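Protein sequence lines correspond, in order, to chains R and E.
Read in order, the letters of the first sequence are residues 2 to 654 in our numbering.
Read in order, the letters of the second sequence are residues 175 to 490 in our numbering.
For each residue, glycine too, the CB sits at the ideal point set by N, CA and C.
All values derive from a computational prediction rather than experimental measurement.
One structure below.
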Amino acid sequence: MTRQRVILAVLIFSAILAIVLPFTAFAQEEVEEAVVQYRPFLFGGSARVAVWIVAELHLMFAAFVLGVPMFAVIIELVGVRTKDERYNKLAHELTKLLSASFATTAALGGVLAFFLIGLYPGFTHYMANIFHTTFYIYAFLFFGEAFSLYAYYYSWDRLLHKKWAHLLLGLSLNLFGTALMIIANSWTTFMMSPAGIEKETGQLLSLWDAIANPLWNPINIHRLIANVAFGGFVVGAYAAIKFLGATVDEEKAHYDWMGYTGNFIGLAALIPLPFAGYWLGREIYSSSAVMGNISMGGAFSWAFIIQAVLIGMLFIGANYYLWAGMDRIKGAERYAWWIKYLIVMLFFSIAVWLTPHNLPLSGEERSVIGEQYHPFSKFFGVMAAKNAAVNLTILVTFFSFILYRRANKGQTVLFSKQGKGVKIALIIGAAASVALLAWYAIGLPNVKVLEDAIRPYVWPLVILLGIQGGIVIASTILTFFNRGVFAQYLLFGFTIAISVIYMGIYGFELMGKANLLLRYLSVSQVLIVIACLITNTMIDVAVFSRAQSVGGVAWGRMSVRSQYALILLCVTIVTMMGLMGFVRSGLRLDWHIYGVLRDTSDGAFTPSYAYMGEVVGITVLLFLGLVTFVFWLASLGEKKAVEKAELIEEVIA
Amino acid sequence: MRGSFLKAVGFTIAIIGLFTYISIYVSGLSGTDGGEVGGGIDPETGEKLYWGDGQCSTCHKIGNQGSSTRGPDQENLYVRAEERAKARGLSSATEYLVESMVDPSAYIVEGYGDIMPKAYEPPIILEKDQILAILLYLQSLGGEPNIAEVSKYKDKIPTASRKKVKPWVPPVVVDAKVGEDIFFSETHAASCSKCHVVKGKGAKIGPDLDSIGAIQTPEYLMEAILNPSVQIVKGYETVYIITTDGIPYSGIIKNQNESEIVLAVDEGGVIEDVTIHRDEIEDMKQQEISMMPGNLNELLSVKDFYGVVNYLLTLK
C-alpha cells in the first residue's frame with residue numbers, strides 16, 4: 002500500500018511539474034525570442050502522430066477516471082439506501098480500478114505537456130499566453146482531485162459506519178474532476194471556435210470570453226455524458242473478462258451482476274448522447290458554417306458514416322446483451338416474441354442512419370442517374386430521415402430495457418395500494434415532461450428568426466408537442482386507474498407515430514419549404530422522445546414496485562456470447578472516441594487555432610481515412626493493453642490480501 | 175483463465191481490425207485512398223478535385239453536369255483549347271490549359287469576367303500534383319489524357335502557397351449570422367435571396383452563390399455589393415426591351431424560346447416575370463448596368479454590410 006502511494010505521489014508530482022514547466026520555458030523563450038515553431042519527433046518520427054496518440058490515450062484514461070467516480074458514488078449511495086452489501090463491494094472494486102488508472106492518466110498528461118512543449122513550441126507558447134491563468138487553477142484542482150481520490154479510496158474501511166461522510170468525499174472527487182475537465186475543455190474548444198481575442202494580432206481581449214467560447218458548453222455536456230458511457234462499458238468489459246475466467250459460481254454471479262451494471266450505466270448514458278451530440282454539431286455549425294459544412298457535408302462526412310457503423314454496433318450489442326440476459330430470468334419467455342420485431346426496427350433504423358446522402362459517383366455514373374444523388378437512397382441520407390431513425394433506435398433500446406426490467410415480474414400491486422413516494426415520483430416525472438414540452442411549444446411561435454412566410458410551418462410542431470403533453474397526462478391518469486401497462490404501450494405507440502413517422506415525413510416537407518425550421522423540428526422530436534422516456538420510466542417503477550416475482554435472476558448463468566457482447570461494447574466505444582477525436586481535431590483543417598494561428602508544419606494535411614484508421618486502431622490497442630496491465634497491477638494487491646487471509650485462517654486452524 | 179483471456183484478446187483485435195478495414199475501404203470510396211489526401215496524378219483524381227476541393231465546379235459546368243455559368247461550360251474543352259492555342263500562338267492545347275490554371279487573367283474568354291482565382295493560392299491552395307491531375311482530367315474533356323505532355327509543364331506550376339494567411343477581419347465587429355438573416359430576409363430592403371440562391375433557397379434571378387466564399391476574396395464581394403455594374407457575371411446581363419406598344423422593360427432573361435422571352439423585371443423592389451412575345455419586340459439591347467440595386471450602401475448599415483460580406487465568405 003505504501004509503495005502504491007509513493008508511486009502515485011511521484012506521478013502526480015510529474016504531472017504538476019509538466020503543467021508548471023511551460024511557464025518557465027515560455028519565460029525563457031520571451032527573452033530569447035525563440036523562432037522555432039516545430040521540431041521533429043525522436044529519430045525523425047512524425048511529431049503530429051506522437052502528439053495524436055499521447056493526447057488520445059490521455060483523453061481515454063481521463064474519460065474513465067472522470068466517468069467511473071460518478072456512478073461509483075451513486076452505486077455506493079444505492080448500497081447505503083438498500084443496505085445491500087453487493088453495492089458497497091462493487092463501488093469499492095470500481096474505485097480500486099479508478100485509483101490504479103488515475104496515476105496513468107496523470108503520467109500521460111505529463112507526457113502530453115512535454116510533447117507539446119518540445120514538438121510544437123510556437124503553438125504552446127501562444128496557448129500559454131492566453132490561458133496561463135487557468136493553468137494555476139488547473140494545478141490547484143489537480144491536487145484537489147488527487148487528495149479526494151486518496152481520501153475516498155483509503156478511507157473506505159475506516160468510514161464504513163460513517164457512510165455519509167464517505168459519500169461527501171466521493172462528491173468532492175466528482176466536483177474536482179468535473180472542474181478539471183471543463184477547464185481543459187476550454188483550451189480544446191478555443192482552438193476550434195476562438196473568442197475573446199483580437200483575431201488579427203491574436204492578442205487576448207477577454208480571458209473569460211476565450212474560456213466560454215461558443216463550443217465550450219456543448220463539449221462540456223457531451224463529454225460529461227460520454228465519460229459515463231465510456232466508464233460503464235469499460236467496467237462491463239472488465240467484468241466480462243473476469244466472468245470468462247471465473248471458475249467458482251459465486252465469482253461468476255458477482256461478475257455477471259457487475260457486467261450487467263456496467264452495461265446498464267453505459268446504455269443509460271448512451272441514450273441521451275445523440276441529443277448532446279446533435280447540440281454540439283449544431284453549435285459547430287452556428288459558430289462556423291464552414292466548419293459545420295466540412296464536418297457533416299464535406300471532407301469529414303465519411304467519418305460520420307464510420308461513426309454510424311460504430312453507433313450501430315453499440316446499440317445492437319447493448320440490445321443483444323439485454324435479450325441474452327433475459328435467458329437467465331424466469332418469466333422472460335413471456336416477452337421473447339417482441340424481440341424479432343425489435344430486431345427488424347433496430348436494423349431498419351440503423352440502415353437509414355448509415356445511408357450517406359452523397360454517393361461517391363463517377364462522372365459516368367452521375368450522367369446515368371441524371372443527378373448527383375441516388376433517386377431512392379437520397380431520402381435516407383438527409384437529416385429528416387436520420388433524426389427519425391436515431392429516435393426510433395433509442396425508443397427500441399429503451400423498450401428492450403423495459404422488457405428486461407419486467408421479465409421476472411408477475412402479479413402487480415394495485416396502484417392505489419402503492420406507497421406515496423411512488424405516486425409522487427410519477428406525478429413529478431409526468432409534470433416535468435409536460436413542462437418541458439409546454440416550455441418549448443410556447444416559445445416556438447415567438448422565435449425571432451422566423452419570417453412570416455415560414456411561420457405557419459411552426460404550428461404543426463406546436464400542436465404535436467401539445468398532443469404528446471396530452472398523451473403523457475392521459476398515461477399518468479390511466480396508471481392511477483391501474484392501467485399502467487396499457488398506458489406504457491399507448492405512450493410508446495404515440496411517440497413512435499408522432500416523433501418517428503409523422504415528424505420524419507414532415508421533415509421532408511420542411512426541407513423543401515421552410516428549411517430554417519428543421520432545427521426546431523429536431524429539438525421537438527428529441528423532447529417528445531425524452532418525455533416518453535421519463536414518463537415511461539416513472540410508470541414502470543410505479544406499476545412494478547412490489548410486484549410478485551415469478552422467479553429470481555440466476556446471476557452467473559449467462560452465455561459466453563453475451564460476455565463477448567460486453568467486450569464488443571467496450572472496444573467499440575473506445576474506438577469511437579478515437580474516431581471522434583480525429584474528427585474534432587481535424588475539423589480545424591490546417592489551423593492550430595481556427596482562423597487565427599495556421600499550422601505550417603509538415604503534418605498540416607488532413608490524413609486519409611485509411612491513415613486515420615491505422616493510427617486510431619493502434620491507439621485503441623495501446624489503451625486497452627495499458628488498461629489491462631493497470632487492472633492486473635491493481636489485482637496483485639488483492640491476491641496478496643487473499644493469500645494473507647488464507648494464511649491467517651490456516652494458522653488459526 | 176489464460177485461454178478465455180487470449181480469446182478475448184483475439185476478439186478485440188478482430189473488432190479493431192474490422193474498424194481499420196472499414197476506414198481503409200471508406201478511404202477508397204471517398205477518394206482519399208493512400209497515405210494522404212490527394213491521390214495520384216491521374217484523370218480520376220483530377221475529376222474528384224474538379225467537383226470537390228479544387229472548387230472548379232463552383233463556376234464551370236460540364237454539359238449536363240453541374241449548373242454554374244460564371245465561367246464557360248467545359249464540355250469538349252480540349253477541342254476549343256486546340257483552337258485557342260493556335261490562335262494565340264501557343265505550342266499545344268495543353269499549354270493553353272496550363273496557362274489558364276497558372277495565370278487565369280492571361281486570356282479571358284469573350285463574354286466572361288476576369289474572376290478566376292489562382293488555384294495554388296489561398297483559399298483553394300491546391301498542390302502541384304493536384305493541379306497536374308486536374309489538367310489530365312481537362313485533357314479528357316474532348317481529348318485524350320497525356321501524362322507525359324502534362325508533366326512537361328510541371329515546373330511552370332507554382333508550389334502551393336504555404337504562407338501564413340491572415341483571416342480577413344471586418345473593420346467593425348460583426349456576426350455572419352446577421353448577414354445570413356439579411357440575406358434570407360423577406361422584409362429587408364436589401365434582401366439578397368430575392369435574387370440569389372444559397373443552399374437551394376432563394377430566387378434564381380442572379381447567380382447562384384453557393385461556395386462563393388471559396389472562390390472570391392472579400393474585396394471582390396464588397397465591390398460586387400457596392401458597385402454591381404463593374405463586373406457582371408456572364409449570363410446575368412440586363413436586357414432592355416421596347417415593345418411595339420412603346421412599353422419599355424429592363425431585366426434579366428430567365429427563359430426564352432423561338433416565340434417568347436421571359437424577363438425577370440424589378441417592379442418597385444418586387445421581382446416579377448414578364449413574358450414578351452418576340453413579334454411584339456420593337457428593340458432589344460444588352461445594357462452595361464447590372465439589375466442588382468446600386469444603392470445597397472444606402473439600404474445597409476455599415477455593420478449589416480460587413481455582416482453580409484462575412485456571411486458570403488462562410489459559403490465554401
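Per DSSP, which residues does residue i bridge with? Please list them.
i       : result
Q460(E) : V413(E)
N429(E) : V436(E)
P402(E) : Answer by DSSP bridge pairing: none, since P402(E) is not bridged.
W592(R) : R599(R)
L205(R) : I198(R)
P422(E) : I416(E)
V372(E) : K375(E)
E181(E) : It is Lys, not Glu, that sits at residue 181(E) in the sequence shown. In the DSSP output, where bridge partners are listed per residue, K181(E) has none listed.
K410(R) : S550(R)
I455(E) : T417(E)
Can you name, in chain order, every residue of its own chain whose Cβ lies under 6 Å from the Cβ of residue i, other than the five neighbours on each side?
i       : result
S403(E) : I463 and S464
S194(R) : N214, P215, L216 and S288
A267(E) : Y252, A255, E256 and A259
Where does residue i fall in DSSP's three states?
i       : result
G171(R) : helix
L383(E) : coil
Y449(E) : Here residue 449(E) is Thr; the residue named in the question, Tyr, does not match the sequence. Residue state, collapsed to three classes: strand.
S475(E) : coil
S201(E) : helix
I497(R) : helix
Q239(E) : strand
S550(R) : strand
L22(R)  : Caution applies to L22(R), whose pLDDT of 49 falls short of 50 and renders its modelled position unreliable; the value that the coordinates give is listed next. Helix, per DSSP.
I331(E) : coil
I455(R) : coil
P392(E) : helix
Give a yes or no on whether the minimum CB-CB distance between residue i and chain E is below 8 Å.
i       : result
W303(R) : yes
M128(R) : no
N264(R) : no
D453(R) : yes
G618(R) : yes
Y565(R) : yes
L462(R) : no
E86(R)  : no
T573(R) : yes
K200(R) : yes
T125(R) : no
M346(R) : no
Are the C-beta of residue i and some C-beta of chain R separated by less than 8 Å?
i       : result
K302(E) : no
E273(E) : no
V343(E) : yes
T449(E) : no
K260(E) : no
S367(E) : no
A363(E) : no
F185(E) : yes
T492(E) : Given a span of 175 to 490 for chain E in the structure shown, any question on residue 492(E) remains unanswerable.
E456(E) : no
If you drop the 5 nearest sequence neighbours on each side, which residues of the same chain put their C-beta closer than 7 Å to that of residue i?
i       : result
I468(R) : I499
F481(R) : F416
E146(R) : L174, F177, G178 and L181
Within a Cβ cutoff of 8 Å, which residues of the same chain sit near residue i, ignoring the five residues on either side of it in sequence?
i       : result
F301(R) : I295, V584, G587 and L588
L58(R)  : L109, T620, L623, F624 and L627
Q: Tell me, please, whether the stretch 564-572 of chain R touches the stretch 312-322 of chain R by the rule of three or more beta-carbon pairs shorter than 8 Å.
A: yes
(Q) Across the stretch 189-202 of chain R and the stretch 162-179 of chain R, are there enough close Cβ pairs to call them in contact, namely three or more that are closer than 8 Å? (A) no
Q: Count the CB pairs spanning the stretch 327-336 of chain E and the stretch 289-309 of chain E that are closer than 8 Å, and state whether there are at least three.
A: yes
Q: Report yes or no: do three or more beta-carbon pairs, one from the stretch 252-261 of chain R and one from the stretch 592-609 of chain R, lie closer than 8 Å?
A: no
**Q.** Cβ contact (3+ pairs, closer than 8 Å) linking the stretch 341-359 of chain R and the stretch 604-614 of chain R
**A.** no
Q. Would you call the stretch 415-429 of chain E and the stretch 453-473 of chain E in contact, with 3 or more CB pairs under 8 Å?
A. yes
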